[in-house]
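Please read the structure below before turning to the comments.
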Amino acid sequence: MFLHTKYSILSILFLIFCMASNTYSGTDLQHNKQSKELIFGVFPYLTPRLVEKMYSPIGHEFSKVLGQKVRFLTSSSYEKFVVNLDKQIYDIVFVQPFDYVKIADKYGYKPLAVRNEELRAILVVIPTSPIQKLSDLKGKTIGLPPKIAAISYLTNRYLRNKGFTPGKDIKVKYFRSHFSCLHNVLIGSVAACGTAPPAMRVFNNRMNRELRIFAKTKPISNALFAVHPRVSDTTIKLLKNAITQLHRHTTGRKILEATKTNAFVEIKNSQYDEVRSMAKTFR
2 MFLHTKYSIL SILFLIFCMA SNTYSGTDLQ HNKQSKELIF GVFPYLTPRL
52 VEKMYSPIGH EFSKVLGQKV RFLTSSSYEK FVVNLDKQIY DIVFVQPFDY
102 VKIADKYGYK PLAVRNEELR AILVVIPTSP IQKLSDLKGK TIGLPPKIAA
152 ISYLTNRYLR NKGFTPGKDI KVKYFRSHFS CLHNVLIGSV AACGTAPPAM
202 RVFNNRMNRE LRIFAKTKPI SNALFAVHPR VSDTTIKLLK NAITQLHRHT
252 TGRKILEATK TNAFVEIKNS QYDEVRSMAK TFR
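Position 171 of the sequence shown, counting from 1, maps to 172 under my numbering, and the rest follow consecutively.
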């Protein structure tokens with residue numbers, strides 16, 4: 002009874018938090034080529050308000066080094082963010098790898114810097130869960146972020162490679178964000194969640210909980226910063242330096258701590274060729 006009440010309270014608080022988060026979007030913005038401001042977009046892997054809190058300080062750093070306004074934007078859903086990517090609204094973006102290869106190959110976006118750890122999907126449960134290994138998931142429901150999220154691609158691929166047929170051996174339920182998925186593990190509506198290490202670290206910190214990892218996928222190149230080809234080479238150089246030097250000063254280290262990232266390092270377009278190959282199998 003106490004446990005049920007405890008998780009019910011957590012659920013109500015979480016819903017209030019999410020409702021407040023949805024007040025910030027930017028999906029109707031049209032890029033103004035005459036404007037001197039740059040648009041910085043971040044994919045909504047957590048709630049929009051939390052993404053804004055974590056990444057808008059990076060936009061402020063960009064503004065300082067460039068000497069011009071950098072406007073931060075995210076969206077209330079992955080789907081709306083992808084629409085804006087296709088409209089080429091963003092001058093600077095922080096995106097998941099599968100979105101990067103699409104906008105790089107289709108629109109000419111250039112890579113700036115990447116998290117200094119590779120990306121893998123981790124499957125997590127509450128500490129007291131009876132699930133200890135992947136086979137224990139048979140007949141149960143696993144939660145994932147939106148279907149188009151990199152982690153969802155990786156997790157579904159991993160499950161199939163391990164002999165599972167999603168929808169038959171295991172039920173898959175998609176949520177609006179990593180945060181929603183993790184929350185639903187906490188309240189027991191799904192048995193497990195497929196997520197990313199940085200998302201879980203942020204969630205654990207904010208909810209004062211520790212989820213348990215019981216499976217991991219093979220890694221690929223991580224989420225990264227990229228720029229539209231309309232951005233000048235001089236600006237690109239300044240942006241790249243600002244991102245890769247964050248770990249060297251106090252303000253930057255605070256930003257990295259908020260995003261649960263150690264550092265960002267330079268990355269080449271060719272380092273996403275494996276992601277390109279994987280993306281073809283999902284189409």
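The beta carbon of each residue, even a glycine, is placed where N, CA and C say it ideally should be.
| Asked | Found |
| --- | --- |
| Taking all protein chains shown into account, decide if Pro49 is buried (16 or more other Cβ within 10 angstroms of its Cβ) or exposed. | buried |
| Which residue marks the beginning of the beta strand (DSSP E) containing Thr166, and which one marks its end? | Neither: Thr166 is in no beta strand (DSSP E) and is coded neither H nor E. |
| Output the distance between the C-alpha atoms of Gly164 and Leu135, rounded to the nearest integer angstrom. | 10 Å |
| Could you tell me which uninterrupted beta strand (DSSP E) segments, each at least 3 residues in length, are contained entirely in the region 86-132, listed from first to last along the chain? | 93-96, 111-116 and 123-126 |
| Going by the DSSP bridge assignment, what does Thr262 pair with across the sheet? | Beta-bridge pairing links Thr262 to no other residue. |
| Hey, out of Tyr91, Val96, Lys65 and Leu257, whose CA is closest to Tyr79's CA? | Val96 |
| Extract the residue ranges of the beta strand (DSSP E) inside the region 177-246, only unbroken runs of 3 or more that lie entirely within it. | 193-196, 213-217 and 225-228 |
| Which of the three DSSP states is assigned to Leu155 in this structure? | helix |
| Put Tyr46 into one of helix, strand or coil per three-state DSSP. | coil |
| Is it buried or exposed for Val84, if we count other Cβ within 10 angstroms and need 16 for buried? | exposed |
| Please check the pair His229 and Tyr110, which I expect to be a contact at CB under 8 Å, by giving their CB distance rounded to whole angstroms. | 6 Å |
| Kindly list the residues whose CB is nearer than 8 Å to the CB of Thr75, restricted to its own chain and excluding five residues on each side of it in sequence; keep chain order. | Tyr25, Ser26, Gly27, Gly42, Val43, Phe44, Pro45, Pro49, Val52, Glu53, Tyr56 and Phe82 |
| Going by Cα to Cα distance, which pick from Met208, Arg202, Leu225 and Ser222 is closest to Ile214? | Arg202 |
| Leaving out five residues before and five after Asn33 in sequence, what residues of the same chain have Cβ atoms less than 8 Å from its Cβ? | For Asn33, the predicted model reports a pLDDT of 49, less than 50, meaning its position is unreliable; a value from the coordinates is still stated below. Within the same chain, Asn33 has no close Cβ partners at all. |
| Tell me the DSSP bridge mates of Leu39? | Val71 |
| Please return the same chain residues whose Cβ sits closer than 6 Å to the Cβ of Val71, not counting the five positions on each side in sequence. | Leu39, Phe41, Gly60, Phe63 and Ser64 |
| Going by DSSP, which residues form a beta bridge with Lys174? | Gly144 |
| Any contact of the region 170-190 with the region 223-239, i.e. 3+ C-beta pairs under 8 Å? | no |
| By DSSP, does Thr28 sit in helix, in strand, or in coil? | Low confidence applies to Thr28: its pLDDT is 39, below 50, so where it sits in the model is not reliable enough to give any reading. |
| How should His179 be labelled, buried or exposed, when 16 other C-beta atoms within 10 angstroms of its C-beta is the threshold for buried? | buried |
| Restricting to Cα atoms, I'd like to know which of Leu67, Val266, Pro128 and Ile256 is closest to Leu212. | Pro128 |
| Do the region 165-177 and the region 111-127 make contact, defined as three or more Cβ pairs closer than 8 Å? | no |
| Can you give me the Cβ contacts of Glu267 inside the same chain, cut-off strictly under 7 Å, excluding the 5 residues immediately before and after it? | Ala114, Lys241 and Thr245 |
| Hey, out of Asp92, Lys88 and Ser77, whose CA is closest to Ser233's CA? | Asp92 |
| Beta carbon of Arg121, beta carbon of Pro220: below 9 Å? | yes |
| If you drop the 5 nearest sequence neighbours on each side, which residues of the same chain put their C-beta closer than 7 Å to that of Ser22? | A caution first: Ser22 carries a pLDDT of 39, below 50, which makes its placement in the model too unreliable to give a value. |
| Just mark Asp274 as buried or exposed, buried being the case when its beta carbon has 16 or more other beta carbons within 10 Å. | exposed |
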